[in-house]
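Taking it in order: structure first as structure tokens, then the write-up.
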Amino acid sequence: MKPMLLFSEYLRELMQTKEMNISVLSRLIGIERTLLSKTLTGQRVLPYHALDDLIYHLRLTPGEEKQLRSYYDTQFEKEGIRCSREMIGKMFSDMACLDLSAPAFEETRLLMNLEQYAGSKLIFSGEMNVQFLLRIVISEEIERMDSCLELTVPLIDTFWSSELLQRFLNQKISMEIHHIVCFDASGAAEDINLHNLECFCHILPISLLSRQQYHPYYYYANSITSRYANPFPYFIVAHNCVVLLSEDGTCAMLLRDPEQIAYYQNYFRQLKTQCHSLLKYTNDPMEIINSYQNCTEPDGFYMVMDQPCFGRFYTEEFVQSHVRREIPGYELILQAAQERFSLLRSVDNFYSIFSLPGLKRFMENGTLDDYPVELVTPFSMEERCDLMLHMAAAIKAEELSGRIFRENSFPNYLALCTTVEHGIGLFTTRQFPMADNLCSVWIREANLCRAFHGWLTHLPGSNQTMTVQETAAVLEELAHKKE
Numbered sequence: 454m455k456p457m458l459l460f461s462e463y464l465r466e467l468m469q470t471k472e473m474n475i476s477v478l479s480r481l482i483g484i485e486r487t488l489l490s491k492t493l494t495g496q497r498v499l500p501y502h503a504l505d506d507l508i509y510h511l512r513l514t515p516g517e518e519k520q521l522r523s524y525y526d527t528q529f530e531k532e533g534i535r536c537s538r539e540m541i542g543k544m545f546s547d548m549a550c551l552d553l554s555a556p557a558f559e560e561t562r563l564l565m566n567l568e569q570y571a572g573s574k575l576i577f578s579g580e581m582n583v584q585f586l587l588r589i590v591i592s593e594e595i596e597r598m599d600s601c602l603e604l605t606v607p608l609i610d611t612f613w614s615s616e617l618l619q620r621f622l623n624q625k626i627s628m629e630i631h632h633i634v635c636f637d638a639s640g641a642a643e644d645i646n647l648h649n650l651e652c653f654c655h656i657l658p659i660s661l662l663s664r665q666q667y668h669p670y671y672y673y674a675n676s677i678t679s680r681y682a683n684p685f686p687y688f689i690v691a692h693n694c695v696v697l698l699s700e701d702g703t704c705a706m707l708l709r710d711p712e713q714i715a716y717y718q719n720y721f722r723q724l725k726t727q728c729h730s731l732l733k734y735t736n737d738p739m740e741i742i743n744s745y746q747n748c749t750e751p752d753g754f755y756m757v758m759d760q761p762c763f764g765r766f767y768t769e770e771f772v773q774s775h776v777r778r779e780i781p782g783y784e785l786i787l788q789a790a791q792e793r794f795s796l797l798r799s800v801d802n803f804y805s806i807f808s809l810p811g812l813k814r815f816m817e818n819g820t821l822d823d824y825p826v827e828l829v830t831p832f833s834m835e836e837r838c839d840l841m842l843h844m845a846a847a848i849k850a851e852e853l854s855g856r857i858f859r860e861n862s863f864p865n866y867l868a869l870c871t872t873v874e875h876g877i878g879l880f881t882t883r884q885f886p887m888a889d890n891l892c893s894v895w896i897r898e899a900n901l902c903r904a905f906h907g908w909l910t911h912l913p914g915s916n917q918t919m920t921v922q923e924t925a926a927v928l929e930e931l932a933h934k935k936e
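Taking our numbering, the leading residue of the sequence shown gets 454, the next gets one more, and so forth.
Shown next as structure tokens:
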């Protein structure tokens with residue numbers, strides 16, 4: 454059955470059950486009677502802005518609401534894919550525009566501590582009052598040598614995402630944060646879950662800026678509908694208090710009794726054992742090489758970075774001549790590198806998306822951002838020109854999908870490798886100013902893998918990149934200038 458008819462038939466069934474006719478319902482939800490009639494016959498799509506009113510006036514149960522929303526969303530599967538691409542593109546564009554060079558400001562000292570602000574109060578009402586409370590709790594926790602926050606608040610809440618991002622970015626804080634989020638398990642497995650993707654788009658920037666101090670975990674729930682029976686469904690645990698939060702963040706309860714704090718600490722740690730770790734960090738060179746290898750499928754390699762991946766053109770002799778012999782574990786690193794580039798030479802589908810500034814930087818200094826100079830010697834000018842011309846020729850011959858990004862489309866300090874099922878690899882490069890070495894972040898959640906892989910493979914034909922001819926011409930021009 455067509456998705457539109459699934460929605461139409463279920464809506465008709467609900468209207469019959471609730472004894473609601475077309476005339477009354479159309480008036481209540483503020484749309485024309487003709488539009489609702491055509492919606493019920495599958496000829497028109499109900500406007501999204503009318504869906505919430507329809508659910509309210511039909512007095513649907515949580516189960517009925519979930520089913521109706523599911524059928525409604527099914528009508529827009531292609532739209533959902535488009536939305537997921539826009540969401541990922543916006544996240545990377547925002548990250549590209551972040552100024553990581555210096556703090557914009559530093560927090561001044563608190564004018565009062567938690568005891569002075571809260572007094573004997575238990576309940577705090579009003580969004581601003583709750584946010585003041587939370588900032589005091591965070592600031593006092595940061596001052597501890599063993600500072601640690603444990604929280605279950607969804608980062609779709611803009612206060613939390615911006616607060617944590619600002620703290621790690623501007624204050625360079627040293628504090629472990631353990632965060633449990635709920636992922637939506639409803640919907641078809643092959644569809645992109647936009648709720649989960651939106652959560653992750655808030656999580657990723659924080660994780661990269663946290664110096665591996667931010668640890669997100671997730672669990673699946675079959676429904677993420679409003680938790681109407683619980684006034685405080687979320688909580689934040691610090692050493693000296695627990696803050697319980699309402700769903701909309703406008704009300705909070707403060708607990709300071711040691712027994713209460715211990716209970717929530719134990720409860721969070723027990724809950725964490727039932728969750729999946731969303732990210733895996735490493736800055737070990739061998740693990741990073743293996744992560745790259747894990748992101749390379751037998752029939753494809755898909756990468757976005759400020760500079761191209763030239764690995765398809767490296768011979769065994771070339772690789773051996775550039776790995777520094779004096780590094781610890783030379784034989785293991787050389788073997789891993791040879792295996793990796795041997796695979797890259799053989800894959801059928803090879804995607805490399807890069808930027809013009811990255812190309813120019815490579816031609817100037819002969820180094821690639823994801824190869825530490827401590828491990829790999831710079832390339833000679835002749836080698837640089839040869840690699841650029843090889844890449845241009847392969848792009849024109851359609852042997853690989855290589856394109857140049859438009860400006861500010863992707864952060865210049867990050868490399869992204871995707872697979873359909875095996876994982877997403879994100880790697881900070883030498884352009885990343887907030888860490889002394891490279892760092893790898895590995896994600897395995899299948900729906901996220903599908904979303905990011907779909908975004909990357911869509912890039913060559915999108916308006917975010919140059920055409921085949923434009924890309925090849927830039928590569929050739931830069932190479933010929935240096936010959």
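Glycine is no exception: its CB is placed at the ideal position from the N, C-alpha and C atoms.
Start and end of the beta strand (DSSP E) containing residue i?
i, result
"residue 629", "629-637"
"residue 669", "667-674"
"residue 878", "877-881"
"residue 755", "753-757"
"residue 859", "First-last for residue 859: undefined, no H or E at that position."
"residue 893", "892-896"
"residue 603", "601-604"
"residue 871", "867-871"
Give the secondary structure of residue i by DSSP, where H, G and I count as helix, E and B as strand, and everything else as coil.
i, result
"residue 585", "helix"
"residue 590", "helix"
"residue 642", "coil"
"residue 748", "coil"
"residue 572", "coil"
"residue 563", "coil"
"residue 487", "helix"
"residue 915", "coil"
"residue 578", "strand"
Straight-line CA distance for residue i to residue j?
i, j, result
"residue 849", "residue 922", "7 Å"
"residue 543", "residue 694", "36 Å"
"residue 704", "residue 666", "28 Å"
"residue 475", "residue 606", "40 Å"
"residue 631", "residue 588", "17 Å"
"residue 641", "residue 521", "14 Å"
"residue 767", "residue 609", "43 Å"
"residue 729", "residue 843", "43 Å"
"residue 918", "residue 494", "42 Å"
"residue 811", "residue 736", "23 Å"
"residue 535", "residue 783", "45 Å"
"residue 662", "residue 696", "25 Å"
"residue 654", "residue 633", "15 Å"
"residue 726", "residue 932", "54 Å"
"residue 830", "residue 619", "37 Å"
"residue 835", "residue 538", "38 Å"
"residue 865", "residue 566", "40 Å"
"residue 906", "residue 545", "14 Å"
"residue 824", "residue 595", "35 Å"
"residue 714", "residue 778", "54 Å"
"residue 528", "residue 460", "8 Å"
"residue 721", "residue 572", "26 Å"
"residue 808", "residue 491", "48 Å"
"residue 525", "residue 518", "10 Å"
"residue 646", "residue 675", "12 Å"
If the criterion is Cβ atoms closer than 7 Å, does the pair residue i and residue j meet it?
i, j, result
"residue 755", "residue 909", "yes"
"residue 731", "residue 669", "yes"
"residue 791", "residue 776", "no"
"residue 892", "residue 881", "yes"
"residue 497", "residue 488", "yes"
"residue 897", "residue 876", "yes"
"residue 928", "residue 816", "no"
"residue 749", "residue 821", "no"
"residue 885", "residue 806", "no"
"residue 590", "residue 691", "yes"
"residue 798", "residue 837", "no"
"residue 621", "residue 584", "no"
"residue 592", "residue 563", "yes"
"residue 464", "residue 482", "no"
What are the start and end residues of the alpha helix (DSSP H) that includes residue i?
i, result
"residue 926", "921-935"
"residue 507", "501-510"
"residue 652", "647-662"
"residue 769", "769-775"
"residue 481", "475-482"
"residue 611", "611-623"
Should residue i be counted as a contact of the ligand GDP given a C-beta to heavy atom distance under 6 Å?
i, result
"residue 740", "Because no ligand of any kind appears in the structure shown, any question about the ligand GDP cannot be addressed here."
Counting only runs that start and end within the region 672-738, where is the beta strand (DSSP E) found for 3 or more residues in a row?
DSSP runs (the beta strand (DSSP E)) wholly in the region 672-738: 687-690, 695-698, 704-708, 733-735.
Tell me the start and end of each unbroken beta strand (DSSP E) in the region 788-849 that is at least 3 residues and wholly inside, in chain order.
Qualifying beta strand (DSSP E) stretches, in chain order: 802-807.
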